[in-house]
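The structure appears below as structure tokens.
Protein chains: 2
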Amino acid sequence: MAAMLQRPEHQVAGHEAGAGKLGPLIDGSGNFFKPLDPSDERGAHELAFYNSFYSDQRVPRSIRSSFFPSFGGTKILPVPDSPDLLLPHLVLEDLLHGYSNPCVMDVKIGARTWYPNASEKYYAKCLKKDRNSTSALLGFRISGLQVHHESGRWKPHRDKVKKYAVTEVRQSLRQFVSKNPDATDPDCALASLVYGGSNGILAQLLELKSWFEDQTLFHFYSTSLLIAYDKGGKAARVKLIDFAHVIEGEGIIDHNFLGGLCSLIKWVSEILADAKTAAGPTDPQLLERAADLEAAAGLTEPKVAVGPTENGIH
Amino acid sequence: MAAMLQRPEHQVAGHEAGAGKLGPLIDGSGNFFKPLDPSDERGAHELAFYNSFYSDQRVPRSIRSSFFPSFGGTKILPVPDSPDLLLPHLVLEDLLHGYSNPCVMDVKIGARTWYPNASEKYYAKCLKKDRNSTSALLGFRISGLQVHHESGRWKPHRDKVKKYAVTEVRQSLRQFVSKNPDATDPDCALASLVYGGSNGILAQLLELKSWFEDQTLFHFYSTSLLIAYDKGGKAARVKLIDFAHVIEGEGIIDHNFLGGLCSLIKWVSEILADAKTAAGPTDPQLLERAADLEAAAGLTEPKVAVGPTENGIH
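The listed protein sequences derive, respectively, from chains G and D. Here the first sequence stands for residues 1 to 314, where the numbers follow my numbering. Here the second sequence stands for residues 1001 to 1314, where the numbers follow my numbering.
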């Protein structure tokens, strides 16, 4: 069993397993194992969240299956590079299982990552990060991303991503759906396929928003949205990950997460609208290209899909 | 002219005019004059906002007229108790003009009142207030309220209101629509009339929310919603007030205001739903009482209106 475990190749943020360092592992069969470090209360907290979340009948089944990794309890596993050390791991769904060339973005949602009753030390640390990143201003920040394109994989260094200013975050949301992500003017060629359509990212974000306008069970501090699609726009999905700082909602909506989510939705909508405007639904050449893209992706949903334009996307 | 000016009787929050203190004045004809203290940059900032807001064609006319006080420029007026001192005043709409017995609530929206680029001193002051009030937790706080009922006016001291905990804020939203606001179990007798209906507070809050999901022109820090109705539920309205800390949106939605607004909407919805459940639309006695209330208020909109119930409202 242990021989089959490996580090997730497409991880863009969070702890990475390495020499003397704990990090998640995957088994290549759809399982994602997240170590529960006994010296860190966050692991126990995240386990408690999964147990609570998956047993709470007030969470709609569709929300659970659409937006959360499936959860299979815990499993004792050897730690890589220290095979004599056994540690319990959360057994979660490998959200990128089956993707051949995943494009992935980790977006930490919420203008603030500190929560009421946090220790003063943790509070001060979070507050500083929120003010020094785009969180406070924008309601979210990007923790990491990678984009596969024809000539390979584009993955900016996570330290660089963490320092992104507002304009760079906006640019990232365009790069994420571009065939030339590292160009000065990314083409947003996949915007309609990935962000648009009734099963696209925007539709999923809007469904999630509806739940957050109503649910008062949990407040998701420091939780990320993992946004992913496979080459050509296939299987675009949005999942919540990282629940080490979730607290009970106590009858109040999670206005911090909801506000940040609405901010993200606004920008995704704008990029989508710009892409549609730039392409125009009546240009025969672009429609043909769009049809090709749709066929390549096995999709029929999007009504408008765009290719690169000479004018670029604004 | 000066002889006709008086202090607004129904002010529930903010500066009050008094000996040696500047505060707003009304003329009894629908005008509200807010002094522009030359020693305080907030006045100049608020004037700049009004000028900018009322000249910006991107603000829908319906939003402007529904949710903002009308603005008539500035006017030089003598200061009460110091008639030799002349000061410029903002000429605004007296939002309670024509109300005989207004019930009024001032709700400061947003989990945080500090804004990016605020001075460290102002930032620290706001942060402390946000954490010590319900703002951080709930996304809004109540700065003051008054409720008229049959035996007079109930107006808790504003210092007490400012210290309200979450449960007391929730209770206030019930007291605000009760005929017995100072009872242990307020009856929410006017919930359907005031909060409900196609012209009620909830409908107005939802319309405002739609705009905030889209607008990226302004970020309204430390801005309040003035929620008011007259005796019997008449003329329920929601207006934004206090714009001394509004900054430009720069293409980002005001996720801080929007999140708090959604939190308020959730609680108002719940109180309304509870009131409807408690009353039940089929009880003939309550329907008759509701019809009386509607007639008294000159309303025909609400489909369900409730009277007090023995079980109270939860």
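The C-beta atom is built at its ideal place from N, Cα and C for all residues, glycine as well.
Taking the continuous beta strand (DSSP E) assigned at D/Leu-1092, which residues delimit it? 1082 to 1093
Answer yes or no: does any C-beta atom of chain G fall closer than 8 Å to that of D/Gly-1259? Answer yes: the Cβ-Cβ gap between D/Gly-1259 and chain G drops below 8 Å somewhere.
Terminal residues of the continuous beta strand (DSSP E) containing G/Phe-218? Element bounds for G/Phe-218: 218 to 220.
Chain G within 8 Å of D/Asn-1256, Cβ atoms only: yes
Using a Cβ-Cβ cut-off of less than 7 Å, give me the residues of the stretch 98 to 119 of chain G that come near chain D, in sequence order. Ala-111, Pro-116
Do three or more CB pairs link the stretch 123 to 139 of chain G to the stretch 93 to 101 of chain G at distances below 8 Å? no
Give me the Cβ distance between G/Val-238 and G/Phe-71, rounded to the nearest whole Å; I'm assuming they're in contact under 8 Å. Going by Cβ atoms, the distance from G/Val-238 to G/Phe-71 rounds to 18 Å, so no, they are not a contact pair.
Report the neighbours of G/Cys-126 on chain D: residues whose CB is nearer than 8 Å to its CB, in chain order. What G/Cys-126 touches in chain D: nothing, since even the nearest Cβ is about 12 Å away.
Mind listing the chain A neighbours of D/Cys-1188? Cutoff is C-beta to C-beta under 8 Å, in chain order. Among the protein chains of the structure shown, namely G and D, there is no chain A.
Range of the contiguous alpha helix (DSSP H) that encloses G/Ala-48: 41 to 55
Output needed for G/Ile-76: all residues of its chain with C-beta closer than 8 Å, excluding positions within five of it in sequence on either side, in chain order. Leu-86, Leu-87, Pro-88, His-89
For D/Glu-1009, which residues of its own chain have a beta-carbon under 8 Å away from its beta-carbon, when the five flanking residues on both sides are left out? Correct list: empty, nothing qualifies.
Please compile the residues from chain G whose C-beta is within a distance smaller than 7 Å of the C-beta of D/Ala-1136. The contacting residues are Pro-116.
What residues in the stretch 1133 to 1159 of chain D have a beta carbon less than 7 Å from any beta carbon of chain G? Ala-1136, Leu-1137, Leu-1138, Gly-1139
Could you check whether D/Leu-1225 and D/Leu-1240 sit closer than 8 Å to each other, using their CB atoms as the reference points? yes
Rounded to the nearest angstrom, what separates G/Gly-260 and D/Trp-1154 at their Cα positions? Near 38 Å, if we compare the C-alpha coordinates of D/Trp-1154 and G/Gly-260.
Taking the alpha carbon of D/Ile-1271 as the reference point, which residue from D/Glu-1046, D/Thr-1184, D/Ser-1192 has its own alpha carbon closest? It is D/Ser-1192 whose Cα lies nearest to the Cα of D/Ile-1271.
Please name the residue in D/Phe-1033, D/Gln-1006, D/Asp-1182, D/Ala-1111 whose C-alpha comes closest to that of D/Asp-1254. Comparing Cα positions, the closest option is D/Ala-1111.
Other residues of its chain near D/Ala-1124: CB distance less than 7 Å, five sequence neighbours each side excluded: none
Could you check whether D/Gln-1146 and D/Cys-1103 sit closer than 8 Å to each other, using their CB atoms as the reference points? yes
8 Å Cβ cutoff, D/Glu-1093 in contact with chain G: no
Alpha carbon to alpha carbon, how far is D/Asn-1051 from G/Arg-58? 48 Å
Going by the DSSP bridge assignment, what does G/Pro-78 pair with across the sheet? G/Leu-86
For G/Gly-73, collect the residues of the same chain with a Cβ closer than 6 Å to its Cβ; drop the 5 residues on either side in sequence, then sort them by chain order. Val-91
Using a 10 Å radius around the Cβ and a threshold of 16 neighbouring Cβ atoms, would you call D/Met-1004 buried or exposed? exposed
For G/Lys-239: DSSP bridge partner residues: G/Leu-226
When the cut-off is 8 Å and only beta carbons count, does G/Ile-252 lie next to chain D? yes
Neighbour-count burial assignment, D/Lys-1266, 16 or more Cβ in a 10 Å radius: buried
Pick from G/Glu-150, G/Lys-209, G/Asn-101 that is closest to G/Pro-180, judged by C-alpha positions: The amino acid at residue 180 of chain G is misidentified as Pro; the sequence shows Asn. Shortest Cα-Cα distance from G/Asn-180 to any of G/Glu-150, G/Lys-209, G/Asn-101 involves G/Glu-150.
Can you give the Cα-Cα distance for G/Phe-243 and G/Phe-49, rounded to whole angstroms? 7 Å
Cβ shell of G/Leu-127 (< 8 Å), same chain only, five flanking positions each side left out: Arg-112, Trp-114
Round the Cβ separation of D/Gly-1233 and D/Leu-1190 to the nearest angstrom and send it over; I've been treating them as touching at under 8 Å. 5 Å
Residues that DSSP places opposite D/Met-969 in a beta bridge: No answer is possible for residue 969 of chain D: the residues shown for chain D start at 1001 and end at 1314.
Between D/Lys-1163 and chain G, is the shortest Cβ-Cβ distance under 8 Å, so that the two count as touching? no
For G/Lys-21, list the residues DSSP reports as bridge partners. Note: G/Lys-21 sits in a beta bridge opposite G/Gly-18.
G/Tyr-122 classed as buried or exposed, judged by whether at least 16 other C-beta atoms fall within 10 angstroms: exposed
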